[in-house]
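**Q**
Number of protein chains: 2
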Amino acid sequence: MSSERIKMEGPLCPVPLPHHEQVVIGHGSGGRMTARLIESLFYPAFQNEALSQGDDAAVLDMPGEGRIALSTDGHIVTPLFFPGGDIGSLAVCGTVNDLAMVGAVPQWLTASFILEEGLPMDTLKQVVASMTKSAAEAGVQIVAGDTKVAERGKVDGVYISTAGVGRVPAGRMIGGAHAQPGDVVLISGTLGDHGIAVLAARGQLAFDVELDSDIAPLNGMVEGMLAVSVNVHVLRDPTRGGLATTLNEIAVQSGVTIRLVEDALPVRAPVQAACEMLGFDPLYVANEGKLTAIVAPQDAGKVLAAMRATPYGKEACQIGVVEAGHPQVLMQTAIGGTRVVDVLAGEMLPRIC
Amino acid sequence: MSSERIKMEGPLCPVPLPHHEQVVIGHGSGGRMTARLIESLFYPAFQNEALSQGDDAAVLDMPGEGRIALSTDGHIVTPLFFPGGDIGSLAVCGTVNDLAMVGAVPQWLTASFILEEGLPMDTLKQVVASMTKSAAEAGVQIVAGDTKVAERGKVDGVYISTAGVGRVPAGRMIGGAHAQPGDVVLISGTLGDHGIAVLAARGQLAFDVELDSDIAPLNGMVEGMLAVSVNVHVLRDPTRGGLATTLNEIAVQSGVTIRLVEDALPVRAPVQAACEMLGFDPLYVANEGKLTAIVAPQDAGKVLAAMRATPYGKEACQIGVVEAGHPQVLMQTAIGGTRVVDVLAGEMLPRIC
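Sequence order for the protein chains is D and X. For the first sequence, counting from 1, position 248 maps to 248 in the numbering used here; every step adds exactly one. For the second sequence, counting from 1, position 18 maps to 1018 in the numbering used here; every step adds exactly one.
1. Return the first residue and the last residue of the alpha helix (DSSP H) that R36/D is part of.
2. Does the Cβ-Cβ distance between Q1107/X and V1059/X come in under 9 Å?
3. Measure the alpha-carbon distance for E1288/X versus G30/D and round it to whole angstroms.
4. By how many angstroms is the C-alpha of R167/D removed from the C-alpha of D61/D?
5. Determine whether the beta carbon atoms of P1179/X and V1322/X lie at a separation below 9 Å.
6. Within the same chain, show all residues whose beta-carbon is closer than 7 Å to that of M1348/X, passing over the 5 residues directly before and after it, in chain order.
7. Since T1239/X meets chain D, which of its residues come closer than 7 Å, beta carbon to beta carbon?
8. In chain order, which beta strand (DSSP E) runs of at least 3 residues are fully inside the segment 1089-1150 of chain X?
9. Cβ closer than 7 Å: which chain D residues qualify as neighbours of D1098/X?
10. Residues of chain X with a CB under 7 Å from the CB of T245/D: which are they?
11. Tell me, please, whether the CB atom of Q332/D is closer than 9 Å to any CB atom in chain X?
12. I need the DSSP call for E323/D, collapsed to helix, strand or coil.
13. Mind pulling the alpha helix (DSSP H) runs of 4 or more residues that sit fully within the segment 1238-1274 of chain X?
14. Output, in chain order, the set of chain D residues within a Cβ distance shorter than 7 Å of D1061/X.
15. Spell out whether any CB of chain D is found under 9 Å from the CB atom of Q1253/X.
16. Between G88/D and chain X, is the shortest Cβ-Cβ distance under 9 Å, so that the two count as touching?
17. List the residues of chain D whose Cβ lies closer than 9 Å to the Cβ of P1282/X, in chain order.
18. Counting only Cβ-Cβ distances shorter than 8 Å, please list the residues of the segment 106-139 of chain D near chain X, keeping chain order.
19. Assuming E1210/X and R1152/X make a contact with CB atoms under 8 Å, what is their CB distance in whole Å?
20. Taking the continuous beta strand (DSSP E) assigned at G74/D, which residues delimit it?
21. So, helix, strand or coil for R236/D, using DSSP?
22. Hey, is A1216/X's beta-carbon within less than 9 Å of any beta-carbon in chain D?
23. Y1043/X versus chain D: which residues are under 7 Å apart at the beta carbon?
24. Does the CB of M1101/X have a neighbour CB from chain D at under 9 Å?
25. Across which residues does DSSP place T162/D in a beta bridge pair?
26. Which of the three DSSP states is assigned to M331/D in this structure?
27. At a Cβ cut of 9 Å, what residues of the segment 1284-1314 of chain X count as close to chain D, listed as they run along the chain?
28. From L1278/X, E1049/X, A1273/X and M1225/X, pick the residue whose C-alpha is nearest to that of A1104/X; which is it?
29. Since P238/D and T162/D should fall inside the 8 Å C-beta cutoff, what is the C-beta to C-beta distance between them, to a whole number of angstroms?
30. From which residue to which residue does the beta strand (DSSP E) around M62/D run?
31. Whose C-alpha, out of M1131/X, D1073/X and S1071/X, is nearest the C-alpha of L1041/X?
32. Compare the C-beta of P1350/X against all C-beta atoms of chain D and say whether one is closer than 9 Å.
33. Does DSSP put L1349/X in a helix, a strand or coil?
34. Quick check on V184/D - is its C-beta less than 9 Å from some C-beta in chain X?
35. Could you have a look at G1010/X and say whether DSSP puts it in helix, strand or coil?
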């Protein structure tokens, strides 16, 4: 080749393409328009070397031998934006939190976007900006992605499936099967904020509710808790199905009875009001920034203190105890009785996450 | 607790639930119906300890220090089933192949299902069985998953986003930026089989085509190639956008000219016929079981032999060379001229993967 030729190391789309205000089918083609979308939107937003390498998979240094944690979550929430969050923050925090709940330090995420033809490009930008913000707060990088486009009506704007990888430091053994009789049950804050906030954003409540979703990355709180105690046995974020379903899962995995104290359950006034109006129980309403922890009794005080010292755990409290017995969740009611708390049977609030 | 109490270690759904012939909204609730779906379908199909632990994330032993590869792909192909494959085999092979293309040994996958209310349960079972079969062939485990359900019309039956983790053995440096002038360009087999097979399955061709999609896991072939050569510089599977787009990406990443020989491009007769009828070029039609390799010239022969020794590489051949120069793809045509081969500009075949 002649040496005068200028060697271009630039992007795949040096030629300006028509500007698109909306997602079109060609953005999912795998060709020039997909490249343009990736280079103009995803690379600048999620900037990291692994992603912008542009190969079929990100290659990442895994320092030290050991265990990794792997998780995935699909997100189809409607509406896409609601007080306190959106599908972007949800997609990042959901997977970050799943990793943190097994004691992993979340490191890398992948994001698979399924877009609807006609989605305003500004909407996508807003979702991506929100993902960037949540990822920065959680200290994770979005290192791989994929974009597909379906025809109008086949998606509600955007669906996002995220997957995540975290490192599990040596010695951490946290899982649903490790609850022991005598342990105490903690919750990091109020119940049902996410579910009711999304419901309100849909305009499905007959009254106004001043309420934000609790969406938050919880890995910082988990590190704080694990720094003060080696006796955190179970961590789980009570998302779909709510705290009732989550605790039932743990009761089955560990083969124990979990006894809750109704008066101890923290619920915000607007959530309580909405639930009473709708016939819901806040125990079954989804949370996206809360965790329940099951901890050896001697460490409960310092773990609670560690939770309360973090931004998303200020209202942490004890809500129950673990007992030997049939795998079930019981509730000591405010009027002194005991009732069984079952798992969510049908569907209460579809499309909540 | 009294010792007579029987301690149940069983699943979360000991009580029989109404049998569902179709997916209903409650299957995405996170409650009892979701648990039932997971326990009756996903656990038995994908059986492995990490998945059936039932925690928020799978915890996995990563043997030895080193690098990992991470990738994701969303799948919205229509129709769900077509000759040679279905959305299940596509979802597994797509991610397995992305990992293999950076020289990684694929190990674990995650699967995020977005289901349409009303999807026949038998259809889902068939898709899951296909995923199981492809995962077994590729030697990977599906260790984490998620299921969401959207209302009728908001999904075409099922969308699947997979993510995958692989181990990158020490010393492997394979990526789009490593093509060097003098290297040869190989292809593992015929072009365009997947795209045309899916198109035919949609009934969008005016004539009958006897053609299977080429969907296949390529990690076995890659291991065979890397066992005989340390000079495999680039591997990539030409999916959406076809071989033309893939080679343009590599030309830009490496800053080289890639020169193809038209007569050398392997295309099956029915693909050629369909493309002529439709005005398509097989160079732009998607493949799902092919790879292109860019290899140092002294190793081309043994790498080709290694490819041909595997089930999915029997028709492997050389199709071009890498030259110093402007980042572009040129084609030496059958009639002796040279033309520029550009990337796919718009969208030719939507919903192909």
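For every residue, glycine included, the Cβ atom is placed at its ideal position computed from N, Cα and C.
**A** Taking the coordinates as given:
1. Along the first sequence, read from residue 1 onward, the residue named residue 36/D stands at position 36. DSSP places R36/D in the uninterrupted alpha helix (DSSP H) bounded by R32 to L37.
2. Your numbering for residue 1107/X matches position 107 in the second sequence. Your numbering for residue 1059/X matches position 59 in the second sequence. It is not a contact, given that the beta carbons lie outside the stated cut-off.
3. The residue labelled residue 1288/X in the question sits at position 288 within the second sequence. The residue labelled residue 30/D in the question sits at position 30 within the first sequence. The straight-line gap from Cα to Cα measures roughly 13 Å.
4. Along the first sequence, one-based indexing puts residue 61/D at 61. Along the first sequence, one-based indexing puts residue 167/D at 167. The alpha-carbon atoms of D61/D and R167/D are separated by roughly 12 Å.
5. Locating residue 1179/X in the second sequence gives position 179, counting from the first residue. Locating residue 1322/X in the second sequence gives position 322, counting from the first residue. Per the sequence shown, the amino acid found at residue 1179/X is Ala instead of Pro. Contact check for A1179/X against V1322/X passes: the beta carbons are separated by less than 9 Å.
6. Locating residue 1348/X in the second sequence gives position 348, counting from the first residue. Close CB contacts of M1348/X within its chain, under the 7 Å cut and outside five residues either way in sequence, are with F1280 and Y1284 (chain order).
7. Position 239 of the second sequence, counted from the start, is the residue given in the question as residue 1239/X. Here the neighbours are G30.
8. Listed in chain order, they are 1105-1116 and 1141-1150.
9. Start at 1 with the first residue of the second sequence, and residue 1098/X comes out as number 98. Neighbours of D1098/X on chain D, chain order: D56 and A57.
10. Start at 1 with the first residue of the first sequence, and residue 245/D comes out as number 245. Within 7 Å of the CB of T245/D, the CB atoms of chain X belong to G1030 and G1031, in sequence order along the chain.
11. As a first step, residue 332/D is located in the first sequence; it is residue number 332 there, counting from the start. Judged by the 9 Å Cβ criterion, Q332/D is not in contact with chain X.
12. Translated into the one-based positions of the first sequence, residue 323/D becomes position 323. DSSP places E323/D in strand when its eight states are reduced to three.
13. Counting only runs of at least 4 residues, the segment 1238-1274 of chain X fully encloses the following alpha helix (DSSP H) elements, listed from N- to C-terminal order: 1242-1254.
14. Numbered from its first residue, the second sequence carries residue 1061/X at position 61. Going along chain D in sequence order, the residues near D1061/X (Cβ under 7 Å) are R67.
15. As a first step, residue 1253/X must be located in the second sequence, where it is residue number 253. Contacts with chain D at 9 Å (Cβ-Cβ) include Q1253/X.
16. Against the first sequence, residue 88/D aligns to sequence position 88. No - not a single Cβ of chain X is within 9 Å of the one on G88/D.
17. Counting from 1 along the second sequence, the entry for residue 1282/X is found at position 282. Those within 9 Å of P1282/X in chain D number zero; the least Cβ separation is about 15 Å.
18. Of all residues in the segment 106-139 of chain D, W108, T110, A111, S112, F113 and I114 have a Cβ within less than 8 Å of some Cβ in chain X.
19. In the second sequence, counting from the first residue as 1, residue 1210/X sits at position 210. In the second sequence, counting from the first residue as 1, residue 1152/X sits at position 152. Actually they do not touch by this definition, with Cβ atoms about 35 Å apart.
20. The residue labelled residue 74/D in the question sits at position 74 within the first sequence. Element bounds for G74/D: G66 to H75.
21. The residue labelled residue 236/D in the question sits at position 236 within the first sequence. Strand, per DSSP.
22. To locate residue 1216/X, count along the second sequence from 1; it is residue 216. No, because no Cβ of chain D sits closer than 9 Å to the Cβ of A1216/X.
23. The residue given as residue 1043/X occupies position 43 in the second sequence. Under the 7 Å cutoff, chain D gives no residues; its nearest Cβ is about 14 Å from Y1043/X.
24. Here residue 1101/X corresponds to residue number 101 of the second sequence, with the count starting at 1. Interface with chain D (9 Å Cβ-Cβ cutoff): M1101/X is included.
25. Along the first sequence, read from residue 1 onward, the residue named residue 162/D stands at position 162. Paired residue(s): D73/D and A111/D.
26. Your numbering for residue 331/D matches position 331 in the first sequence. Reduced to three states, the DSSP call for M331/D is strand.
27. Within the segment 1284-1314 of chain X, the qualifying residues are Y1284 and A1286.
28. On the second sequence, position 104 is the one that residue 1104/X refers to. Out of L1278/X, E1049/X, A1273/X and M1225/X, M1225/X has the C-alpha closest to the C-alpha of A1104/X.
29. Numbered from 1 along the first sequence, position 238 holds the residue referred to as residue 238/D. Numbered from 1 along the first sequence, position 162 holds the residue referred to as residue 162/D. Their Cβ separation, rounded to whole angstroms, is 19 Å, which puts P238/D and T162/D out of contact at 8 Å.
30. Position 62 of the first sequence, counting from 1, holds the residue named residue 62/D. First-last of the beta strand (DSSP E) with M62/D: A58 to M62.
31. The residue labelled residue 1041/X in the question sits at position 41 within the second sequence. Cα-wise, what sits closest to L1041/X is M1131/X.
32. Start at 1 with the first residue of the second sequence, and residue 1350/X comes out as number 350. For P1350/X, at least one C-beta of chain D is nearer than 9 Å to its own C-beta.
33. The sequence position of residue 1349/X within the second sequence is 349, counting from 1. Three-state result, L1349/X: coil.
34. Position 184 of the first sequence holds residue 184/D. The C-beta of V184/D comes no closer than 9 Å to any C-beta of chain X.
35. One-based indexing of the second sequence puts residue 1010/X at position 10. Only weak support is given to the placement of G1010/X: the predicted model assigns it a pLDDT of 44, under 50, and the question is left unresolved by the model.
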